[in-house]
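Comments concern the structure below.
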Amino acid sequence: WVSLALAFSFAAYGFFRKTLPIGPSQGFLLEVLLLSVPALCYIAYLIATGKDHFISSSATDTALLIGCGPITAVPLLLFAFGARLLRLSTIGIMQYIAPTMVFLIAVLIFDEPFGTIQAIAFALIWTALAMYSWSMFKGREVRATAPATR
157 WVSLALAFSF AAYGFFRKTL PIGPSQGFLL EVLLLSVPAL CYIAYLIATG
207 KDHFISSSAT DTALLIGCGP ITAVPLLLFA FGARLLRLST IGIMQYIAPT
257 MVFLIAVLIF DEPFGTIQAI AFALIWTALA MYSWSMFKGR EVRATAPATR
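For the sequence shown, the residue numbers in my numbering are 157 to 306.
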């Protein structure tokens with residue numbers, strides 16, 4: 157269920173980022189404002205229950221937690237700028253690059269188990285992506301070579 161929720165939520169996020177009539181920076185500010193309310197409530201809960209990490213941890217941990225904000229914000233801003241320039245289908249295909257790199261690092265460097273089932277799943281996913289990409293590029297060629305009609 158988690159994978160389906162992530163897929164649908166990110167698809168909705170990409171759709172709204174592409175179609176909303178506000179700029180990427182303004183949209184990011186709106187996202188931060190909307191999400192800051194539940195985040196601050198959760199931080200208040202952690203502080204009240206003694207499970208917080210800001211007050212009771214070392215200066216290094218606090219600096220790392222604070223540094224996570226810009227490290228998270230920069231890719232989101234870049235995605236928002238890129239989403240305005242690219243088609244959603246192109247963005248969707250590009251989203252397979254990072255998980256594939258993580259998968260290859262896990263198998264080739266960290267010696268994670270890679271059996272027949274995993275090989276079949278990996279091959280099916282990339283075969284489907286190749287077929288979709290081919291049909292997308294083939295459709296672009298047909299539109300480019302079609303004569304203009306009135």
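From the three backbone atoms N, C-alpha and C, an ideal C-beta is built for every residue, glycine too. Source: prediction; values computed, not measured.
- Between PRO177 and PHE237 the beta-carbon gap is near 15 Å, outside 8 Å, which marks them as no contact.
- For the options TRP157, SER192, GLY170, the alpha carbon positioned closest to that of LEU241 is the one of GLY170.
- Counting C-beta pairs closer than 8 Å gives three or more between the segment 242-254 and the segment 277-297, which meets the contact rule.
- For ARG240, the enclosing alpha helix (DSSP H) has its first and last residue at 215-241.
- With fewer than 16 other beta carbons inside 10 angstroms of its own, ALA219 counts as exposed.
- Taking a cut-off of 8 Å for Cβ pairs, the segment 223-238 and the segment 180-191 touch, as three or more such pairs fall below it.
- Under the DSSP assignment, TYR169 falls in the alpha helix (DSSP H) whose first and last residues are 158-175.
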